[in-house]
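Below: the structure, in structure tokens.
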Amino acid sequence: MAPTRRPVVTTPAAPVPIADIGFDDLSRQPVGIGELDRVLGGGFVTGSVTLVGGEPGAGKSTLLLQAADALADVAGTVVYCSAEESPEQIRGRAGRLGTLHPRLQLACHTDVTAIVSILDDHRPAACVVDSIQTVEHPDVAGVAGGVAQVRECASVLARTAKRLGITVVLVGHVTKDGQLAGPRTLEHLVDTVVEFDGDRHHALRLLRAVKNRFGPVGEVGCFEMTADGLRSVGDAGRLFVGEAAPDSTGVATTLVLEGRRPLACEVQALVAPTTLANPRRITSGLDGARLAVLTAVLQQRVGIGLLDRDIYAASVGGLRITEPAADLALALAVASGAIDRPLPLGVVALGEVGLAGEIRQVARMSDRLAEASRLGFGSALVPAAYDGADGGMSLYRVRDLHEALRAAGLHSSGRRDATADRPVDAARMGAAAEPGSAEARMGAAAEPGSRARVSVSEPEGGHRPEARMGAAAEPGSAEARMGAAAEPGSAEARK
Ligand code: TYD
Ligand code: MG
Numbered sequence: 153m154a155p156t157r158r159p160v161v162t163t164p165a166a167p168v169p170i171a172d173i174g175f176d177d178l179s180r181q182p183v184g185i186g187e188l189d190r191v192l193g194g195g196f197v198t199g200s201v202t203l204v205g206g207e208p209g210a211g212k213s214t215l216l217l218q219a220a221d222a223l224a225d226v227a228g229t230v231v232y233c234s235a236e237e238s239p240e241q242i243r244g245r246a247g248r249l250g251t252l253h254p255r256l257q258l259a260c261h262t263d264v265t266a267i268v269s270i271l272d273d274h275r276p277a278a279c280v281v282d283s284i285q286t287v288e289h290p291d292v293a294g295v296a297g298g299v300a301q302v303r304e305c306a307s308v309l310a311r312t313a314k315r316l317g318i319t320v321v322l323v324g325h326v327t328k329d330g331q332l333a334g335p336r337t338l339e340h341l342v343d344t345v346v347e348f349d350g351d352r353h354h355a356l357r358l359l360r361a362v363k364n365r366f367g368p369v370g371e372v373g374c375f376e377m378t379a380d381g382l383r384s385v386g387d388a389g390r391l392f393v394g395e396a397a398p399d400s401t402g403v404a405t406t407l408v409l410e411g412r413r414p415l416a417c418e419v420q421a422l423v424a425p426t427t428l429a430n431p432r433r434i435t436s437g438l439d440g441a442r443l444a445v446l447t448a449v450l451q452q453r454v455g456i457g458l459l460d461r462d463i464y465a466a467s468v469g470g471l472r473i474t475e476p477a478a479d480l481a482l483a484l485a486v487a488s489g490a491i492d493r494p495l496p497l498g499v500v501a502l503g504e505v506g507l508a509g510e511i512r513q514v515a516r517m518s519d520r521l522a523e524a525s526r527l528g529f530g531s532a533l534v535p536a537a538y539d540g541a542d543g544g545m546s547l548y549r550v551r552d553l554h555e556a557l558r559a560a561g562l563h564s565s566g567r568r569d570a571t572a573d574r575p576v577d578a579a580r581m582g583a584a585a586e587p588g589s590a591e592a593r594m595g596a597a598a599e600p601g602s603r604a605r606v607s608v609s610e611p612e613g614g615h616r617p618e619a620r621m622g623a624a625a626e627p628g629s630a631e632a633r634m635g636a637a638a639e640p641g642s643a644e645a646r647k
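In our numbering, the protein residues as written are 153 to 647.
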């Protein structure tokens with residue numbers, strides 16, 4: 153079935169009252185690939201122009217061949233125009249992907265006017281142009297891929313899309329810094345821009361809407377690159393956690409926001425003696441500058457000696473973490489690695505770490521906690537200032553790294569005493585430092601047999617209480633104690 157076509161933009165010749173302008177709802181065509189439709193806001197809008205950007209090798213051609221095939225099934229004829237690969241190459245890939253729909257047609261052209269002629273003559277429902285950097289307009293000077301060519305080709309295709317009501321999808325290559333002539337200069341010419349992102353050494357691919365005239369931005373789709381193409385990953389909950397052995401040191405879990413979606417993610421740190429004058433600080437999937445800052449904060453504010461250690465830190469599964477919300481987890485992972493003691497299981501850490509060692513609030517905390525709870529995590533270290541919903545978790549509100557390390561049972565003992573130069577912390581933490589305190593309770597939960605790892609992998613399995621760090625979830629528990637200890641005046645009261 154082919155939907156009715158109409159141009160997306162109708163421009164009245166003279167100004168008219170806005171309320172008098174007739175309109176009907178956008179004709180939107182769901183593709184049938186769940187994660188793609190999610191990012192687009194329910195599918196492609198008929199007659200719109202979408203730019204799919206990404207680094208070479210990200211999987212743009214793969215995604216769009218699959219999308220073209222799916223669209224051919226629901227919307228009518230789809231023309232896939234390649235200006236990069238031969239018909240045989242694409243046919244070979246389509247065979248592997250199983251995208252051989254009878255209404256999917258292939259054309260290989262580099263001349264954009266030839267592509268426009270195809271659209272005029274055949275009036276397909278949709279057309280994919282792969283890529284905008286390799287097509288050229290004969291009347292425009294400059295090489296294909298140059299700014300002038302890219303802009304003219306895109307605007308010719310955009311005008312054709314509006315004129316004929318054909319859904320047009322452009323592929324655009326982006327370099328790591330996004331500076332290459334192309335996608336960045338095209339954003340205002342197209343209706344929707346989605347970015348396809350992923351480390352080619354990992355299977356994970358994230359699709360993000362960065363501009364959408366017809367829907368929300370910030371939506372993220374998760375895909376897995378398999379031997380048979382891209383597979384939608386509807387529930388990414390367990391992709392980035394839970395592979396390390398339960399007693400591994402240097403492992404902490406946080407939740408980062410990818411668009412609107414909180415994703416649980418493990419961060420890992422290996423802290424090893426160095427032979428270098430300038431110890432290594434090496435990251436993968438994490439911001440190197442952030443690791444350097446957190447290392448300095450741990451060193452100077454908490455007294456964890458790291459000057460003679462190399463630190464290697466990584467996210468799991470190829471996720472790129474740039475959010476400050478992951479600071480606390482990374483700091484805990486480094487501290488855990490440095491003192492060679494594991495974090496209690498079933499705990500997540502959320503918070504930005506300031507230069508003074510303070511733990512700062514992060515956005516959308518309750519959504520992150522709800523997702524952690526759904527995945528079976530029982531406890532969370534959160535900034536002391538957070539006063540929102542606990543999402544069913546036991547919350548440990550921490551003001552600074554001292555409190556966080558104590559709550560996680562990680563305060564360094566053999567090394568320089570973390571609290572020696574800050575006696576107020578002992579008072580501030582109050583009950584948390586006493587036997588039966590938060591620290592002790594969380595420590596107890598870290599014993600074999602009470603491991604939350606079980607519940608992380610079986611969230612519905614009724615193991616939740618084990619994940620909850622035992623008594624800490626009870627009234628009058630560590631959470632309550634820490635809350636009380638954190639109240640103004642409580643430090644004095646205790647003294
Ligand atoms: P491709 O779609 O060509 O990337 P782009 O168009 O963004 O440059 O594919 C990227 C990589 O994906 C390629 O190196 C091979 C791999 N791949 C698979 O793993 N499975 C598949 O089914 C296909 C088609 C490709
Ligand atoms: Mg390609």
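The beta-carbon is built from N, C-alpha and C at its ideal position, and this holds for glycine as well.
1) For a quick check, are the C-beta atoms of residue 202 and residue 381 less than 9 Å apart?
2) Rounded to whole angstroms, what's the CA-CA distance from residue 297 to residue 479? Just pull it up for me.
3) Report the three-state DSSP secondary structure of residue 318 (helix, strand or coil).
4) Taking 8 Å as the cut-off, is the beta-carbon of residue 325 closer than that to any non-hydrogen atom of the ligand TYD?
5) Let me check understanding here. Comparing Cα to Cα, which of 238, 245, 272, 397 lies closest to residue 261?
6) Helix or strand or just coil, what does DSSP make of residue 172?
7) Would DSSP call residue 598 helix, strand or coil?
8) State yes or no: is the C-beta of residue 475 nearer than 8 Å to some heavy atom of the ligand MG?
9) Is DSSP giving residue 201 helix, strand or coil here?
10) When the Cα atoms are used, what is the spatial distance from residue 426 to residue 559?
11) Who are the Cβ neighbours of residue 517 in its own chain at under 7 Å, not counting the five residues just before and after it?
12) Following the continuous alpha helix (DSSP H) through residue 445, name the residue where it begins and the one where it ends.
13) Assuming residue 483 contacts residue 553 under a Cβ cut-off of 8 Å, what Cβ separation, rounded to an integer in Å, is found between them?
14) I'd like to confirm something about residue 220: is its beta-carbon nearer than 8 Å to some heavy atom of the ligand TYD, or not?
15) Whole angstroms is fine: what's the gap from residue 233's alpha carbon to residue 353's?
16) Judging by CA-CA distance, which residue of 385, 433, 195, 275 is the nearest neighbour of residue 257?
17) Residues with a Cβ closer than 6 Å to any heavy atom of the ligand TYD, in chain order?
18) Measuring from the CB of residue 200, is there a heavy atom of the ligand MG at a distance below 8 Å?
19) Below 7 Å CB to CB, which residues in the same chain sit around residue 292 once its five sequence neighbours on both sides are set aside?
20) Go to residue 282, then tell me how far its beta strand (DSSP E) extends in each direction, as first and last residue.
21) Can you check whether the CB of residue 500 is closer than 9 Å to the CB of residue 406?
22) Spatial neighbours of residue 268 within its chain, please: C-beta separation below 8 Å, excluding the five flanking residues on both sides.
23) Closer than 8 Å is the cut-off here; do at least three beta carbon pairs connect the stretch 404-418 with the stretch 441-451?
24) Would the beta-carbon of residue 507 fall within 9 Å of that of residue 531?
25) Here's the rule: buried if 16 or more other CB atoms are within 10 angstroms of the residue's CB, otherwise exposed. What is residue 318?
26) Excluding sequence positions up to five away, which residues of its chain have a Cβ less than 8 Å from the Cβ of residue 645?
27) Straight-line CA distance for residue 614 to residue 498?
28) Residue range of the beta strand (DSSP E) that residue 381 falls in?
29) According to DSSP, simplified to helix, strand and coil, what is residue 269?
30) Looking at the ligand MG, does it come within less than 8 Å of residue 304, judged from the CB to the closest heavy atom?
31) Are there any heavy atoms of the ligand MG lying less than 8 Å away from the beta-carbon of residue 282, as far as the coordinates show?
32) Mind checking which residues open and close the alpha helix (DSSP H) that includes residue 373?
33) Since I believe residue 488 is in contact with residue 417 (beta carbons under 8 Å), could you give me their beta-carbon distance rounded to a whole number of angstroms?
34) Looking at the ligand MG, does it come within less than 8 Å of residue 240, judged from the CB to the closest heavy atom?
35) Please report the residue range of the alpha helix (DSSP H) in which residue 519 lies.
The structure says:
1) no
2) 39 Å
3) coil
4) yes
5) 238
6) helix
7) Residue placement at residue 598 is flagged as unreliable, the pLDDT there being 36, under the threshold of 50; the coordinate-derived value follows with that caveat. In the structure shown, residue 598 sits in coil (DSSP, three-state: anything other than H, G, I, E or B).
8) no
9) strand
10) 29 Å
11) 502, 534, 538, 540
12) 440-449
13) 6 Å
14) no
15) 28 Å
16) 275
17) 206, 208, 209, 210, 211, 212, 213, 214, 245, 248, 249, 377, 379, 380, 381
18) no
19) 300, 301, 304
20) 278-282
21) yes
22) 308, 309, 312
23) no
24) no
25) buried
26) Confidence at residue 645 is low in this model, with a pLDDT of 36, below 50, so its placement is unreliable and no value can be given for it.
27) For residue 614, the predicted model reports a pLDDT of 32, less than 50, meaning its position is unreliable and no value from the coordinates is stated.
28) 381-384
29) helix
30) no
31) yes
32) Element bounds for residue 373: not the alpha helix (DSSP H) but the beta strand (DSSP E), 372-378.
33) That pair is no contact at about 16 Å.
34) no
35) 517-526
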